[in-house]
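Visitor: When the letters of the sequence shown are read in order and numbered with the working numbering, they come out as residues 113 to 576.
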Amino acid sequence: MNKLRPSLIKITVLFLILGSCKLGPDYEAPNLNLPTYWNSADKNIQVDSVFIPNSWWTYFEDPILDTLIREALVNNRNVLIAAQRVERSMLLLNIQKAALWPSFSYNGSSGINSVFTDPNLSIGSSMAWELDFWGRLRRLNESQKALFLSDINAQRALQIELISQVANSYYQLLEFRQRTNIAIENTNLRDSMQIIIGKRFKGGVVPEIDLNQAQIQYAISASSVPSFKRLSAQTEQNLSVLVGRLPSTIANGNSLENQKYDLDLALAIPSEIVKNRPDIVEAEQELIAQNAEIGAAVANLYPRFSLNGSVSYGSNNIDGLDDLFWNLGLNLTGPLWQWRRNLRAVEVEKKDTEIALLAYEQKVLTAFAEVENALISIQTLRDEIVARKLHVEAANSAQYLSYKRYNQGVTSYLEYLESQRQAFDAQNFLAQTQAQLLTAYFSLYKATGGGWLNENEKAQSDKQ
């Protein structure tokens, strides 16, 4: 054993000296040539390196929405699957790290043979250590670490997508509920008018065509009630699944008309988006992982060195172990006929890296387009809501005046029916636009990365 130590020490020192070698290209972040401003950001939007809280949806001050999102982040099955993938990736990383160190095993045997009739016994241990001379194992470790970080960001991206889906479904539910109420009110109004017209027809005051028109308008409005109720119920069930529940009734929060529409927006500069949007970070980590695979493939072109040793005790007499056997050796293995195949494998990894780079750049392009689209949607929908409210006020007034004119015999019943239809449509258009604006706010925060930790939140996160 004393003779063994100097040899082992010398080989270990040699390995540490030569082990700094890592073949293949080191990763360099692509030059994206990012813009310095957002084209669609108006003067009312704060654009800076701002911190947006992760729980930014609380800005909307809707307790039901807040409860649904928090419940979804805990119970949604896809989010739970993503969490399991992160844990699995961490285990794979630990496995890959272990390959950098020696592996030890034990063995033992006992038996008799034709030469020695007494039982013989042998027990021992062995060691194998691949000396990572070319950095193959370290490149694989680098790749697996990047994949681990990629999975973490994939989980975060899925959480942000889930928040957006829950909000979209919730606001859609509010829209359908609002339109159900509009349809019920309109149906009741048309039913009352149908009764009046029916009495007038029986009295010979109005022609049958007026009664038929009243019946048609009533039927149109009445049929929209179950239609919106069906859409409400279906959205409710879909929303229940998103939050991880069995299909159930979703409680009423703030009504659609009582939601907050004039939020003060804060937006990070373009370079911050690239660093904080998780699907972009995910794509970059995949690029880093693939770049490291090139080095591992290049290392396969060269011989591998491994240190192997064993120690065992043996005896031809089972009563005692009296013989010591040991060996220590340096092994070398390298490609011969498969060298050309390994060379092609390097080219494959290079092509895969080029593909990963293009995928990363596409993620960036898509992200910037989504931010610009969300910004322009918010600005135009805000203006559209102002016009929709004027439309509703004018249509309701026209409906009232048209009804008075009809009762006074100044105009035809068709004019009143048309004003009724316009008022009904105006209310529905307003509800649609309001839901679209609320959804656009979530689209913006999703496009910018879903919010960043402020200093206090970051400190709390570091403690966990």
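All residues carry an ideal CB built from backbone N, CA and C; glycine is no exception. Since this is a predicted model, take the numbers as computed values, not measurements.
With a floor of 3 residues, list each beta strand (DSSP E) that falls wholly inside the segment 415 to 465, ordered by position along the chain.
Guide: Qualifying beta strand (DSSP E) stretches, in chain order: 416 to 427 and 435 to 445.
Visitor: Beta-carbon within less than 7 angstroms of V476's beta-carbon, same chain only, minus the 5 sequence neighbours each way: which residues are those?
Guide: Working through the sequence shown from its first residue, we reach residue 476 at position 364. Hits under 7 angstroms: L144, V386 and I392.
Visitor: Quick check on this structure: which residue in Q520, L440, D138 and D174 has the alpha carbon closest to the alpha carbon of K372?
Guide: Position 260 of the sequence shown, counted from the first residue, corresponds to residue 372. Residue D174 is the option with its Cα nearest to K372.
Visitor: Only counting the same chain, and skipping five residues up and downstream in sequence, which positions put a Cβ closer than 6 angstroms to that of E183?
Guide: Along the sequence shown, read from residue 1 onward, the residue named residue 183 stands at position 71. If we look at E183 and ignore the five residues flanking it on each side, its Cβ neighbours are V355.
Visitor: Where does the unbroken beta strand (DSSP E) through S237 begin, and where does it stop?
Guide: Here residue 237 corresponds to residue number 125 of the sequence shown, with the count starting at 1. Where S237 is concerned, the enclosing beta strand (DSSP E) stretches over N232 to L243.
Visitor: What is the DSSP secondary structure of N184, counted as helix, strand or coil?
Guide: Residue mapping note: residue 184 aligns to position 72 of the sequence shown, counting from 1. What sits at residue 184 in the sequence shown is Ala, not Asn. Helix at A184.
Visitor: Can you tell me whether K558 is buried or exposed, with buried defined as 16 or more other CB within 10 angstroms of its CB?
Guide: As a working note, residue 558 is residue 446 in the sequence shown. Result: buried.
Visitor: Report the option in Y425, I181 and T361 whose CA atom is closest to the CA atom of N232.
Guide: As a working mapping, residue 232 is identified with position 120 in the sequence shown. Nearest of Y425, I181 and T361 to N232, Cα basis: Y425.
Visitor: Excluding the 5 residues preceding and the 5 following L377 in the sequence, name in chain order all residues of the same chain whose CB lies nearer than 6 angstroms to its CB.
Guide: Indexing the sequence shown from 1 puts residue 377 at position 265. For L377, where only same-chain residues beyond five positions count, the Cβ hits under 6 angstroms are I157.
Visitor: Apply the 10 Å Cβ neighbour rule to V410 and answer buried if 16 or more other Cβ atoms are within range, or exposed otherwise.
Guide: By one-based count along the sequence shown, residue 410 stands at place 298. With 16 or more Cβ atoms within 10 Å of its Cβ, V410 is classed as buried.
Visitor: Which first and last residues belong to the alpha helix (DSSP H) in which P147 is found?
Guide: Taking the sequence shown and counting its residues from 1, one reaches residue 147 at position 35. That residue, P147, is in no alpha helix (DSSP H); it is neither H nor E in DSSP.
Visitor: Closest to A479 by C-alpha separation, out of T179, G521 and E394, would be which residue?
Guide: Position 367 of the sequence shown, counted from the first residue, corresponds to residue 479. The option with the nearest alpha carbon to A479 is E394.
Visitor: May I have the straight-line CA-CA distance separating N353 from N293, to the nearest angstrom?
Guide: On the sequence shown, residue 353 is found 241 positions in, with the first residue counted as 1. On the sequence shown, residue 293 is found 181 positions in, with the first residue counted as 1. A small correction: the amino acid at residue 353 is Val; Asn does not occupy that position in the sequence shown. When rounded, the distance between both Cα atoms is 25 angstroms.
Visitor: Anyone know if the C-beta pair for S344 and R289 falls short of 8 angstroms?
Guide: Position 232 of the sequence shown, counting from 1, holds the residue named residue 344. Position 177 of the sequence shown, counting from 1, holds the residue named residue 289. Yes, they are a contact pair.
Visitor: Would you mind sorting K155 into buried or exposed? The rule is 16 or more other CB atoms within 10 Å of its CB.
Guide: Along the sequence shown, one-based indexing puts residue 155 at 43. Flag for K155 reads exposed.
Visitor: For D363, which of K341, Q491, T170 and Y282 has the nearest alpha-carbon?
Guide: Taking the sequence shown and counting its residues from 1, the one referred to as residue 363 is at position 251. A quick correction: the sequence has Ala, not Asp, at residue 363. Minimum Cα distance to A363 is reached at Y282.
Visitor: Under the three-state reduction of DSSP, which class applies to S367: helix, strand or coil?
Guide: Residue numbering aside, residue 367 sits at position 255 when the sequence shown is read from its first letter. S367 falls in the coil class under three-state DSSP.
Visitor: For A378, does the three-state DSSP call read helix, strand or coil?
Guide: Your numbering for residue 378 matches position 266 in the sequence shown. Here A378 sits in strand by DSSP.
Visitor: Measuring CB to CB, does L448 end up less than 8 angstroms from P415?
Guide: Position 336 of the sequence shown, counted from the start, is the residue given in the question as residue 448. Position 303 of the sequence shown, counted from the start, is the residue given in the question as residue 415. No. Outside cutoff.
Visitor: Is the Cβ-Cβ distance between H503 and F541 less than 8 angstroms?
Guide: Residue 503 sits at position 391 when you count from the first residue of the sequence shown. Residue 541 sits at position 429 when you count from the first residue of the sequence shown. Closer than 8 angstroms, so yes.
Visitor: Kindly indicate which three-state DSSP category V318 falls into: helix, strand or coil?
Guide: In the sequence shown, the residue the question calls residue 318 occupies position 206. V318: coil per DSSP, three-state reduction.
Visitor: Kindly list the residues whose CB is nearer than 6 angstroms to the CB of G562, restricted to its own chain and excluding five residues on each side of it in sequence; keep chain order.
Guide: By 1-based counting over the sequence shown, the position of residue 562 is 450. Same-chain partners within the cutoff: I272.
Visitor: Who are the near neighbours of I92 in its chain, counting only those whose CB is closer than 6 angstroms to its CB and skipping five residues on each side?
Guide: For the chain, the structure presents residues 113 to 576; residue 92 sits outside this window and is missing.
Visitor: Which same chain residues end up closer than 7 angstroms to R268 when comparing Cβ atoms and leaving out the 5 residues on each side of it in sequence?
Guide: Walking along the sequence shown from the start, residue 268 turns up at place 156. Closer than 7 angstroms at Cβ, skipping near neighbours: P390.
Visitor: By a C-beta neighbour count over all protein chains shown, 10 Å radius and 16 as the cutoff for buried, is S573 buried or exposed?
Guide: Here residue 573 corresponds to residue number 461 of the sequence shown, with the count starting at 1. At S573 the pLDDT is 46, less than 50, meaning the model places this residue with poor confidence; the figure from the coordinates comes in the next sentence. Classification for S573: exposed.
Visitor: Is S276 closer than 8 angstroms to L487 when the C-beta atoms are compared?
Guide: For the purposes of this step, residue 487 is taken as residue 375 along the sequence shown, with counting starting at 1. For the purposes of this step, residue 276 is taken as residue 164 along the sequence shown, with counting starting at 1. For L487 and S276, no; Cβs fall outside 8 angstroms.
Visitor: Do you know offhand how far I469's Cα is from N420's?
Guide: Residue 469 sits at position 357 when you count from the first residue of the sequence shown. Residue 420 sits at position 308 when you count from the first residue of the sequence shown. In the sequence on display, residue 469 carries Leu and not Ile. Rounded to the nearest angstrom, the two C-alpha atoms are 40 angstroms apart.
Visitor: Could you give the distance in angstroms between the alpha-carbon of I181 and the alpha-carbon of R189?
Guide: Here residue 181 refers to the residue found at position 69 of the sequence shown. Here residue 189 refers to the residue found at position 77 of the sequence shown. If you take the alpha carbons of I181 and R189, they lie about 14 angstroms apart.
Visitor: Going by DSSP in three states, Y282 sits in which element: helix, strand or coil?
Guide: Against the sequence shown, residue 282 aligns to sequence position 170. DSSP places Y282 in helix when its eight states are reduced to three.
Visitor: With a threshold of 7 angstroms on Cβ separation, who are the neighbours of L455 within its own chain once the five nearest residues in sequence on each side are excluded?
Guide: The residue you call residue 455 lines up with position 343 of the sequence shown. Contacts found: L413.
Visitor: Would you mind sorting R291 into buried or exposed? The rule is 16 or more other CB atoms within 10 Å of its CB.
Guide: What you label residue 291 is simply residue 179 of the sequence shown in a count that begins at 1. It is buried - the Cβ of R291 has at least 16 other Cβ atoms within 10 Å.
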